[in-house]
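*Asks:* My questions all concern the structure below.
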Amino acid sequence: MKKVTLGLVLPHYPHMFSTFYTMELIQGASKGALSLGVDLLIHIAHQAEGEKTDMDLKIFSTSFASGLLFADIMGNEQLVEKAKEKKIPYIILNYFDKKSEDNCIGVDNEAAAREIIDYLVRIGHKHIATITGKLHAQAGIDRLAGYQKGLQENGIPVIDEYILKGDWTKDAGKKGLERILKLKPVPTAVFVAGDEMAIGLIEEAKHRGIGVPSELSVVGFDDIPLASSSLISLTTVKQPLYEVGRLGVRYLKNLIDKKEKEPVKVLLNNTQIISRNSVRKLAH
């Protein structure tokens, strides 16, 4: 019997193989492939002006793979549509849309963000700002929605000025701190939608002589390796990206073997707040 080969399609972006996100997905998918005795091929999808190369189109040949895993929807939209057209089994990772017919496995970012706000309110914070991720990305949209719902559920009004747009980079965190300090009243805590931004904010706070957490509590999201080894170890949210990759392989193999019905819809809610030194409890 011919060995099953799966393709993992990664949208290209700078320094992609040094990011925690990419490596966790690859490691999880690799573990899943090893446990099931299938091969895993990695393809980097080009994104120049939305045009796809000949190699991008060759992944739809049965000689390449029996099924495809797409690492997120962003940058892969055209290829996902092509997979549907060619009736190739596929699953989109780190993405969840219950209204679509897409096969997808994602993390409940909204619920995790709500839990962060609950946590901050429980320890006395009521003036809580946020620095968002990119708001055309599902993770950015859902984390902002969780922030807003978390405030509302705790009887705290959502203040538009407290919502600062970011882009996942350290620089966005540094600029975010500058804007936070101009808010009235100045927030006692900030939920930063990505650890890179949170670390950038903490670095800028140190540069300005602002105490974290004595003057401003900071919570990130992702639990990247730097979160525990930065200037001030970061309180953050650990999300199961490794598990997303591993389950993606399992469900895709089941689709290929006709053991799973479409559409596959899996939403993981096993996120975890990792409490470190960047948050302080306020007196009630």
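For what it's worth, the working numbering labels the leading residue of the sequence shown as 290, then goes sequentially. Even glycine gets a Cβ: it sits at the ideal position worked out from N, Cα and C.
DSSP three-state label for L520, please.
*Replies:* coil
*Asks:* Between which two residues does the beta strand (DSSP E) containing Q561 stretch?
*Replies:* Q561 to I563
*Asks:* Check each candidate in G444, M486, Y451 and Q367 and name the one with the smallest Cα separation from D512.
*Replies:* M486
*Asks:* Enumerate in chain order the residues of its own chain whose CB-to-CB distance from Y531 is below 7 Å, with the five nearest sequence positions on each side excluded.
*Replies:* E313, Q316 and G317
*Asks:* For V410, report the span of its alpha helix (DSSP H) as first-last.
*Replies:* N398 to R411
*Asks:* Under a three-way DSSP split, which group does G356 fall into?
*Replies:* strand
*Asks:* Kindly indicate the opening and closing residues of the alpha helix (DSSP H) around I430.
*Replies:* Q427 to E442
*Asks:* Under 7 Å between the Cβ atoms of L505 and A516?
*Replies:* no
*Asks:* CB H332 to CB G296, shorter than 7 Å?
*Replies:* yes
*Asks:* With DSSP as the reference, label E338 as helix, strand or coil.
*Replies:* Residue placement at E338 cannot be trusted, given a pLDDT of 46 that sits under 50; what the coordinates show is reported in the next sentence. Three-state DSSP puts E338 in a helix.
*Asks:* Am I right that A418 and L368 are in contact with their C-beta atoms under 8 Å? What's the rounded C-beta distance?
*Replies:* That pair is no contact at about 37 Å.
*Asks:* So, D546 versus G509, is the Cβ gap smaller than 7 Å?
*Replies:* no
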